[in-house]
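Each remark here refers to the structure printed beneath this line.
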Ligand code: AMP
Ligand code: ZN
Ligand code: FE
Ligand code: FE
């Protein structure tokens, strides 16, 4: 079995349409793939409808949230799997995050335009078919010739954290997020917890508190973790009895990692499925 539990489609900031993503997953030899777009389940229907024989879809989402550490707010991503997407409390928080993301993207465009940089909201909204994120603003900046690459836009000179055109986004705190996922029957995995190259990370104390609040796993094998980060995280997971996952965080050609670049063991996958009650994995046609 080849299991990849973290991918993005055009329903958020991925470049591949959800149905097409299922075809690519099968071609890459995956047997299980989770669709985990940022703060939305909008791609699930199209992915399920396009499932090729032999591929199982785990419906999920990657939730943006924050935790307060020593009076400072640190952004985190929590992967939610197999929750009931119609459960109103969690659905309404996902919708709130998306609305604030759109407002904040407009503010970043306004800051750029006011400084004389030719980026428009029309351009950004055309690039974003679902949840709007900084990658869409960055792509518009590349189109406008302001920066050579999407990555370059994420620098401190542009829309990187605390950059002149960066605007923070509203997001729920991690305690509310974990509780919403659980109440909707889902299971949660902390995405890329020690990825220091992405920005400020939390320490083991926060992961221990998250475990007490219902966290089931941590994503250990992730392209943004180096070998030391993986080793420390694996040790902590063993101490806290958390499952450890491995996933590509596939976004399409905007990031180097292909589907299945990292993978999760069947035993871990079974444990996640057993812990969830809000939805079941969806299997492609047989025979
Ligand atoms: P947002 O959630 O809108 O603030 O955007 C953050 C997203 O941008 C992350 O989830 C990453 O997928 C993407 N991202 C962050 N840093 C970079 C980078 N240096 N290059 C390309 N994409 C990035
Ligand atoms: Zn993303
Ligand atoms: Fe993430
Ligand atoms: Fe992701």
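Residue numbers (my numbering): 111 to 397. Even glycine gets a Cβ: it sits at the ideal position worked out from N, Cα and C.
Between the alpha carbons of residue 370 and residue 224 lies a gap of roughly 42 Å.
Judged by DSSP secondary structure, residue 194 falls outside any beta strand (DSSP E); it is assigned neither H nor E.
DSSP lists 169 as the beta-bridge partner residues of residue 145.
Apart from the 5 residues on each side of it in sequence, residue 372 sits with its Cβ closer than 6 Å to the Cβ of 331, 356, 357, 358 in its chain, given in chain order. DSSP, reduced to helix, strand and coil, places residue 284 within a helical segment of the structure shown. Not one heavy atom of ligand 2 sits closer than 6 Å to the Cβ of residue 331. Annotation for residue 329: the continuous beta strand (DSSP E) segment containing it runs 327-331. Between residue 211 and residue 241 a beta carbon distance of about 6 Å is seen, short of the 8 Å cut, so the two are scored as contacting. Taken in chain order, the whole alpha helix (DSSP H) runs of length 4 or more contained in the segment 223-305 are 231-237, 244-253, 260-263, 284-293. By alpha-carbon distance to residue 292, the top candidate from 302, 321, 271 is 321. Under the three-state reduction of DSSP output, residue 211 falls in the helix class. Residue list for ligand 3: 187, 301 (CB closer than 5 Å to any heavy atom, chain order).
Beta-bridge annotation (DSSP): residue 114 is paired with 143. Under the three-state reduction of DSSP, residue 355 is assigned to strand. Between residue 138 and residue 368 a beta carbon distance of about 7 Å is seen, short of the 8 Å cut, so the two are scored as contacting.
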